[in-house]
Amino acid sequence: MAFEKYDFTPLTQAIHKALIENVSPLLTLIIEWTIIGVLFLLFIAVFGLLLVYVERKVCAAFQQRLGPMRVGPWGLLQTIADFVKLLMKELITPKSVDKFLYNLAPFIVIIVPFLTISVIPFAPGLQALDFDIGIFFVTAVSSVGVIGVLLAGWASNNKYSLIGGMRSGAQIVSYELSVGMSLITMVILAGTMQISEIVEMQRGGWFLFKGHIPAVIAFFIFVIAGTAETNRGPFDLAEAESELTAGFHTEYSGIKFAFFFLAEYINLFIVSAMATIVFLGGWMPFHFGDWAGFNNVMDFIPGLIWFFMKVFGIIFLIMWFKWTFPRLRIDQILTLEWKYLLPINLFNILLMATMVLLGWHW
Amino acid sequence: MAEIIEKLITTDEIKTDEYLVNMGPQHPSTHGVLRLLVKLEGEIVHNVEPHIGYIHSGIEKMSEALSYPQIIHLTDRMDYLSAHMNNEAVCLCIEDALQVQVPERVKYIRTIIDELQRLASHQLWWCASGMDLGALTAFFYGLRDREDILDIFEETCGARLTLNYSVPGGVMFDIHPNFQAKVKAFIKKFRKILPEYDKLLTGNIIFQNRTKGVGILSKEDAIAYGVTGPTGRASGFSCDVRKHHPYSAYPYIKFDEKVGTDGDCFMRWKLRMDEMRESLNIIEQLIDNIPEGDYALKMKGVIKLPEGEFYQRVETARGEFGVYIVSDGKKNPYRVKYRSPGFSNLFAINHIAKKWKIADLVAIMATFDLVIPDIDR
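Take a look at the structure:
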């Protein structure tokens, strides 16, 4: 196919080959790890800042404003300026905090996106880790983040932080179920947990279309639960500004606050990326039936661009939620999960399993 | 195991400790320097103790050293969103004491400005409570549309917030030649915007879940606490001063007093939305019929009230505002007392917020429409 020419595998193979021929295997491994680490570090920093900028602009559009316009053309440098400001700010540690846990929390929160991002295929051949339990790895690792949030709420020695931390603990633990189960529904359809294979299987059509009704239900549940898991509005109870000032990160300043802030946006990216990979075919171009001409044109767009187009589509959707809906209350948020999403999800898994068994999907 | 759990539940041993949280003086949802000492058990509110006095400015005491036209300017600073209604209350009280009849034109102008101010205040309330409930976009919609009213005010009297438009015997300036056209254009525009407000929040399922049945204030409690204005009327307490003790041009016009039944947050919300529509009706009835004539009476340079006690009440955007002046015949009042709606309304919160969650407390505060300088004076 035409888009195979955008495959990154030859490039990565060439780098690996060049290294292994010239230096020892151990050094090769170290160099490769370093390259990947630096790339992810760069990606998270740059993409996080970009997302903050996008959010500001999207939010401004919803609110009939312009958003940042002063620093750089269309305010493009605004988030960078803000980040520099945060870097230079004093790190205030309140008097009676649990110092070790207080300092540990932002790191736990920021580690999670680094781990999760490693299994995400950005384009053909552009995936750092590809192993047979990819989906499981994502669900397992992303639940570590809640520990950081809980620690931040607990160690800050602030009642607002504590309420925020406890709220988000209850919320994330609950919604993790829905996220996991909607992913399992799709794993049943795919028959594998290896992410590269899941993407490859959608060559003939995205799972959202392939999987009939259960896939659509799973997609909706995934987006709702994903929004809740990233602590974004209308599920932003953990930081509920009008109730808890800033919730679990009230007492953090400077770069530690930036860690929480950045982690939130990268988590938003990861949720959108997972939705893209599992439901919208990852980097696969959009194909429509037998329209060969149309499909060929679609193939000319590189996989990397397809991936980010889909991701930004979902990010926009999630931002749309945030800037339209009022916030739910803590009991309502748990009711939604335990009384509605979870039963629907369980039923959905059965439905999907039946469908796969009977071979009703395309 | 089952026995142990049962024992724990029945003997209250599983109960967590109550703890105190200071909401305010600096808190995003108190919209000013109000401090609520909230006793919580987990998320559940057990007691709310309002502590006021952080923005006390001694307006009543200051008024004793000022002449009558001067004290009007202080009333702006109490309920700054109902500035003109406060001004008007003092003016009406002074006019009543001096037994002068203001020209008809003045009555009409004052009433129109009253209702415009009520609209502006309710708009700000709408957007700010939207923000309290987490819908940040509402805030910008409300502020955007409020600008039109403020522009009309600016053209009329030069001020946008603290109008100082009313003076004893009339208003400070005549209305601008554009006034009628602009107000009519605004009404036309705003009638289209109101359904948009409803679409964004009132009809939203999350919003309705957050407000319906939350923080119910019964009619008896509303009367007992002296809760007036839209908040009181939502509980079924018919307390509209415009209807029961009409002043200015209110006797000449037909309008409905909106009275609710449920007394919950959603009713208070809906009632204010309905009131905005009613205000548009009132303005429409008046705007074309402003009689010709003087915009102010010629008053004496130094106003001295006869000895005695005078009381005047008006309906501000928040409820019943009363002015009580005791005069000893000098050019300064002997004592001034303001009955501000916010003060009475605030203390009903403790009664209705108990057993609700902390997020509901925010919703209750939002639908009470508190303006802190109005409470503290």
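As given, the protein sequences belong to chains A and B, one line each in that order.
As numbered in this note's numbering, residues 1 to 362 make up the first sequence, in order.
As numbered in this note's numbering, residues 1001 to 1377 make up the second sequence, in order.
No residue lacks a Cβ here, since even glycine has one placed at the ideal position from N, Cα and C.
Would you mind sorting residue i into buried or exposed? The rule is 16 or more other CB atoms within 10 Å of its CB.
i	result
A:Ala2	At A:Ala2 the pLDDT is 46, less than 50, meaning the model places this residue with poor confidence; the figure from the coordinates comes in the next sentence. A:Ala2 is exposed by the Cβ-count criterion.
B:Ile1052	buried
A:Val109	buried
B:Gly1213	exposed
B:Met1062	exposed
A:Leu358	exposed
B:Lys1357	buried
B:Leu1201	buried
B:Ser1082	buried
A:Leu317	exposed
A:Thr250	buried
A:Ala218	buried
A:Gly148	buried
A:Ser100	Reading off the sequence, residue 100 of chain A comes out as Phe, not Ser. Exposed, because fewer than 16 other Cβ atoms sit within 10 Å of the Cβ of A:Phe100.
B:Ile1149	buried
A:Ala78	What sits at residue 78 of chain A in the sequence shown is Gln, not Ala. Flag for A:Gln78 reads buried.
A:Trp33	exposed
A:Leu336	buried
A:Tyr340	exposed
B:Trp1125	buried
B:Gly1260	buried
B:Gln1382	Here chain B has residues from 1001 to 1377 only, and residue 1382 of chain B is not among them.
A:His16	exposed
So is residue i in contact with chain C if we call contact Cβ pairs under 8 Å?
i	result
B:Pro1177	Of the protein chains in the structure, A and B, none is chain C.
Whole-angstrom Cβ separation of residue i and residue j, contact assumed at under 8 Å?
i	j	result
A:Gln64	B:Phe1140	6 Å
A:Leu86	A:Gly254	6 Å
A:Pro214	A:Met352	4 Å
B:Leu1361	B:Ala1348	At roughly 13 Å, the Cβ-Cβ gap does not stay under 8 Å, so B:Leu1361 and B:Ala1348 are not in contact.
A:Val179	A:Phe222	6 Å
B:Leu1271	B:Lys1258	5 Å
A:Ile195	A:Gly134	4 Å
A:Met181	A:Phe136	Actually they are not in contact, since the Cβ atoms of A:Met181 and A:Phe136 sit about 13 Å apart, beyond 8 Å.
B:Gly1342	B:Val1302	No, B:Gly1342 and B:Val1302 are not in contact; Cβ-Cβ is about 33 Å, not under 8 Å.
A:Phe286	A:Met298	5 Å
Give the DSSP bridge partners of residue i, in chain order.
i	result
B:Lys1357	B:Ile1044
B:Phe1310	B:Ile1325
B:Arg1035	B:His1051
B:Met1023	B:Leu1036
B:Val1167	B:Gly1170
A:Leu126	A:Ala123
A:Ala170	For A:Ala170, which the question treats as bridged, DSSP gives no partner whatsoever.
B:Ala1296	B:Gly1170
Subject >> Residues from the region 312-331 of chain A in contact with chain B, defined by Cβ distance under 9 Å >> reply: Lys322, Trp323, Thr324, Phe325, Pro326, Arg327, Leu328, Arg329, Ile330 and Asp331
**OP:** Give, in chain order, every unbroken run of the beta strand (DSSP E) that is at least 3 residues long and sits entirely within the region 1316-1347 of chain B.
**Re:** 1320-1327 and 1335-1339
**OP:** Identify every run of the alpha helix (DSSP H) within the region 1176-1233 of chain B, keeping only runs that are complete inside it and at least 4 residues long; order them along the chain.
**Re:** 1179-1197, 1205-1211 and 1219-1225
**OP:** Compile a chain-ordered list of the residues in the region 189-218 of chain A whose CB is closer than 8 Å to at least one CB of chain B.
**Re:** So nothing in the stretch comes that close.
Original post:
Where are the alpha helix (DSSP H) runs, 4 residues long or more, that stay fully inside the region 1052-1094 of chain B, in chain order?
Top reply: Counting whole runs of 4 or more residues, the region 1052-1094 of chain B contains the alpha helix (DSSP H) stretches 1059-1063 and 1068-1075.
**OP:** Give the residues from the region 1091-1105 of chain B that approach chain A closer than 9 Å (Cβ to any Cβ), ordered along the chain.
**Re:** From the region 1091-1105 of chain B, no residue has a Cβ closer than 9 Å to chain A.
**OP:** Determine which residues of the region 1261-1273 of chain B have a Cβ less than 9 Å from any Cβ of chain A, and write them out in chain order.
**Re:** none
Subject >> Residues of the region 59-74 of chain A whose Cβ lies closer than 7 Å to any Cβ of chain B, in chain order >> reply: Cβ contacts with chain B: Phe62, Gln63, Gln64 and Arg65.
Subject >> Near-chain A residues of the region 1354-1369 of chain B - C-beta to any C-beta below 9 Å >> reply: Residues Lys1357, Ile1358, Ala1359, Asp1360, Leu1361, Val1362, Ala1363 and Ala1366.
Subject >> Contacting positions in the region 163-185 of chain A - beta carbon closer than 9 Å to chain B >> reply: Under the 9 Å Cβ criterion, the region 163-185 of chain A contributes Ile163, Met166 and Arg167.
Original post:
Taking only runs of the beta strand (DSSP E) that begin and end inside the region 263-346 of chain A, which ones reach a length of at least 3 residues, in chain order?
Top reply: Within the region 263-346 of chain A, no complete beta strand (DSSP E) run reaches 3 residues.
Original post:
Between the region 220-236 of chain A and chain B, which residues of the former have CB atoms less than 8 Å from a CB of the latter, in chain order?
Top reply: Gly233, Pro234 and Asp236
Original post:
Using a Cβ cut-off of 8 Å, which residues of the region 143-162 of chain A contact any Cβ in chain B, in chain order?
Top reply: Lys159 and Tyr160
Original post:
According to a CB-to-CB cut-off of less than 7 Å, which residues of the region 1202-1229 of chain B neighbour chain A?
Top reply: Asn1204, Ile1206, Phe1207, Asn1209 and Arg1210
Original post:
In chain order, what residues of the region 1053-1083 of chain B put their CB closer than 7 Å to some CB of chain A?
Top reply: none
Subject >> Residues from the region 1305-1335 of chain B in contact with chain A, defined by Cβ distance under 7 Å >> reply: none
Original post:
In chain order, what residues of the region 1012-1041 of chain B put their CB closer than 7 Å to some CB of chain A?
Top reply: Tyr1019, Val1021, His1027, Pro1028 and Ser1029
Original post:
Which residues, in order along the region 1114-1142 of chain B, keep a beta-carbon less than 9 Å from a beta-carbon of chain A?
Top reply: Gly1130, Met1131, Asp1132, Leu1133, Gly1134, Ala1135, Leu1136, Thr1137, Ala1138, Phe1139, Phe1140 and Tyr1141
Subject >> Within the region 140-202 of chain A, ranges of the alpha helix (DSSP H) (whole runs, at least 4 residues) >> reply: 145-155, 159-190 and 195-201
Subject >> Residues of the region 1141-1161 of chain B with Cβ closer than 8 Å to any Cβ of chain A, in chain order >> reply: Tyr1141 and Arg1144
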